[in-house]
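Under the working numbering, the sequence shown has 278 at position 288, and the numbering climbs by one with no breaks. First comes the structure, then the notes that go with it.
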Amino acid sequence: MTTAAHKPRILTGDTPTHTGLHLGHYVGSLENRLRLQDQYDCYFLIANVHAFTTLADKPADVRANTIGIVKDWLAVGLDPDRSTFVLQSEIPAIAELTFLFAMLIPFNKVMRNPTLKTEIETKGLGESYPFGFPMYAVGQCADILAFRPDLVPVGEDQQAHIEMCRDVALKFNQMYCGVGNRVEPQDHQKAGGLFPIPQAKVGRVARLVGLDGVNKMSKSLNNAIFLYDDAKTVQKKLNRITTGRQSPTEPGNPDNILMQYVDAFIGAADPARAAEIRRRYAAGDNIGDGHVKAELGEAVNRLLDPMRARRAELDGPRGDDIALSVIRAGIHKANAVAEETLYRAKQAMKLDFGARALASQGYQSRD
Ligand code: TRP
């Protein structure tokens, strides 16, 4: 049997600025996390410190959302017995690495980061965002590299951040670990680098269209099916989709919203059936939108049923305690890994004056 120590590692996370996961989150990144839980040693980070970039004046909201995200994850099926849930604010090594990594990224490069730029626009931050807002992109490099992961499953909107993280890892290894600048990223650790150069992994459906058929599915656009919508609501929302198609014998657009959903939600479990629907739809071979919607409703509800069942307990009176105990259980294991990374980073940077005791605290290396 392989133990966690021999598995490649994953780190990924969410920022608790809100809760309420929808199908876009599911196909964009949660599905990958679920699928990879057995093959990888997984760390799932709740970026509660980052939530303060926009909610500094609402600490109670950040706390409630933190607990809410953990419940969302548990309901979806992330399993704290197999994976480690990491609460960012309890991992001091992340804060320390953030400052050290900030020296390795040109200021202007951070400010040109397209993910940050988009967020400034969509969240209407204008000119008034705090210094800590762009700083979070550097912090995210530390979130990731503290755990020395091989893979970072994220939505496509996060790719610019992962690219920056790779740059930091490359530069650190070159500057402080003597790795030559012609060494390929995948060979960095073999060449003595502390950090693996992690790869982003975007979900099967990078951008799931919302119920309006135009925009990306998103809570604020009111075009989402939530993972905790009940079965009837799911079907009702699907039934309201419009395609402009008039009859079951009219050839349908094979790229329209219904066909995208067929691929996303029927195709995952039954690719042959998805292909058949698609073929008949495009040919106008006697398959109506109403029929497709009913079949989609069944597929989506099959996916969501176990999540709703797990959710029921978490919404009950013990829910917060369950979430809090999962959070507490992850802290020790996460610090074991992150402290070791920090220790080794400081050694490489000749900052190993009074290293925090590693062995005495039972920290285990995986190497
Ligand atoms: N910025 C990510 C988001 O908003 C959340 C996040 C924080 C993250 N740290 C991370 C994701 C590290 C992946 C890896 O979705």
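Beta carbons are placed, not taken as given, at the ideal position from N, Cα and C, and that holds for glycine.
Item: Backbone CA spacing between D4 and A37 [nearest angstrom]; Value: 6 Å
Item: Where L293 sits in the DSSP three-state scheme; Value: helix
Item: Same chain only: Cβ atoms within 7 Å of A196, ignoring 5 sequence neighbours per side; Value: G18 and E146
Item: Which of helix, strand or coil DSSP assigns to G170; Value: coil
Item: Closest by C-alpha distance to Q164, when choosing among I152, Q148, A181 and H151; Value: A181
Item: Any non-hydrogen atom of ligand 1 within 7 Å of Q250 CB; Value: no
Item: Distance between beta carbons of A46 and N55, contact taken as under 8 Å; Value: With 8 Å as the limit, N55 and A46 do not qualify as a contact, their Cβ atoms being about 14 Å apart.
Item: Segments of 3+ residues assigned as beta strand (DSSP E) that fall wholly inside the region -6 to 48; Value: -1 to 4 and 31 to 36
Item: Three-state secondary structure (DSSP) of S350; Value: With a pLDDT of 44 at S350, under the threshold of 50, the modelled position of this residue cannot be trusted; read the value that follows with caution. Residue state, collapsed to three classes: helix.
Item: Neighbourhood of K61 by C-beta distance below 7 Å, restricted to the same chain and skipping five residues each side; Value: L304, G309 and A313
Item: Buried versus exposed, by CB contacts within 10 Å (16 or more), T(-8); Value: Residue confidence is low: T(-8) scores 46 on pLDDT, short of 50, so the model does not pin down where it sits. No coordinate-derived value is stated.
Item: Backbone CA spacing between V66 and E153 [nearest angstrom]; Value: 28 Å
Item: Euclidean distance between Cα positions of I247 and Y166; Value: 50 Å
Item: L64 burial status per 10 Å Cβ neighbour count (16 or more: buried); Value: buried
Item: Rounded C-alpha distance that separates G306 from G183; Value: 48 Å
Item: Nonlocal neighbours in the same chain, by C-beta distance under 7 Å from K222, ignoring five residues either side; Value: none
Item: Straight-line Cα distance separating C32 from L77; Value: 14 Å
Item: Backbone CA spacing between D28 and N276 [nearest angstrom]; Value: 42 Å
Item: Spatially closest choice to R194 from Y16, L211, H178 and V128, by CA coordinates; Value: Y16
Item: Closest by C-alpha distance to K161, when choosing among P186, Q149 and Q148; Value: P186
Item: Host alpha helix (DSSP H) of V144 (start-end); Value: First-last for V144: L141 to V144, but that is the beta strand (DSSP E), not the alpha helix (DSSP H).
Item: Spatial distance of P188 from T105 (CA atoms); Value: 18 Å
Item: Neighbourhood of R138 by C-beta distance below 7 Å, restricted to the same chain and skipping five residues each side; Value: R(-1), F185, P186 and T331
Item: Proximity test, A221 beta-carbon vs ligand 1 heavy atom, cut-off 7 Å; Value: no
Item: Local conformation of K191 per DSSP, three classes; Value: strand
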